[in-house]
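Residue numbers (the numbering used here): 253 to 510. Encoded as structure tokens, the structure appears first; notes follow it.
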């Protein structure tokens with residue numbers, strides 16, 4: 253039993269040690285990638301600054317080569333950033349990214365070639381190759397710009413379609429809210445009108461049902477014929493119903509029998 257417990261404890265210990273080593277390796281790798289990324293970005297910044305300074309400060313072949321490299325790198329970097337940002341919302345850009353990777357291979361090859369030519373002392377031969385270098389740079393830059401603007405136009409179209417759909421839905425919801433707000437007001441107005449009509453009808457029917465005074469015969473005219481016995485004294489046959497008693501009224505005292 254004790255041996256089994258020791259073996260189990262050793263297994264748990266080794267498991268935790270393995271997890272610790274795995275986590276440490278992952279942290280080190282992530283840190284290394286972050287440092288490499290930072291170094292790469294710093295190197296790119298320094299190189300771009302140097303190329304910009306050469307393109308403005310030097311003339312001739314050296315300035316032309318620096319300008320070609322700067323235009324090429326700027327276009328390729330902007331296209332890469334646009335595609336990476338767009339693929340997060342539009343998965344169909346994966347094919348565009350694959351095409352851009354193939355284009356990037358040509359761009360890196362041309363950039364390396366331009367970089368080597370900057371160190372070449374034979375300026376005459378480089379000047380002869382400048383038209384071809386400009387043409388290759390223009391083709392790669394045009395292809396990269398086309399991909400970038402197509403991705404941006406696609407994202408803008410999707411945003412406009414989504415905005416149009418959202419606006420239509422909001423209009424429908426707004427109309428529904430306005431109808432919901434009108435219903436109680438209409439019901440209250442109808443109830444008030446019905447109440448006023450009922451009050452007016454009750455007030456008009458009151459005077460018509462009130463008992464009037466008996467007609468008086470003019471002098472010299474015969475008395476009107478008395479009605480039949482059954483209709484002569486309706487109160488004797490149909491006594492009036494007693495008035496309703498309410499809880500808040502005092503009890504009526506009985507009349508004295510003496």
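Just so you know, even glycine gets a beta-carbon here, dropped at the ideal spot from N, CA and C.
Contact between the segment 353-363 and the segment 322-334 is present: 3 or more CB-CB pairs across the two stretches fall below 8 angstroms.
Following the DSSP letters along the chain, one finds residue 357 inside the alpha helix (DSSP H) bounded by residues 346-370. The segment 403-422 makes contact with the segment 340-349; the number of CB pairs closer than 8 angstroms reaches 3 or more. For residue 323, the enclosing alpha helix (DSSP H) covers residues 313-339. Around the CB of residue 369, 16 or more other CB atoms lie within 10 Å, so the residue is classed as buried.
Contact fails between the segment 380-399 and the segment 417-430, because fewer than three Cβ pairs, one in each stretch, are under 8 angstroms apart. Residue state for residue 383 is assigned as helix, using DSSP reduced to three classes. Here the alpha carbons of residue 291 and residue 364 stand approximately 19 angstroms from one another. Burial state of residue 316 is buried, judged by a 10 Å Cβ sphere holding 16 or more other Cβ atoms. Between residue 327 and residue 319 a beta carbon distance of about 13 angstroms is seen, past the 8 angstroms cut, so the two are scored as non-contacting.
A Cβ-Cβ separation of about 13 angstroms leaves residue 303 out of contact with residue 389 under the 8 angstroms criterion. Of all alpha-carbon atoms in 301, 378, 448 and 403, the one lying nearest the alpha-carbon of residue 337 is that of 403.
Secondary structure of residue 431 (DSSP, three-state): helix. When secondary structure is reduced to three states using DSSP, residue 448 falls in the helix class. Apart from the 5 residues on each side of it in sequence, residue 444 has no Cβ closer than 7 angstroms to any other Cβ in its chain. As the crow flies, the alpha-carbon of residue 314 is around 16 angstroms from that of residue 362.
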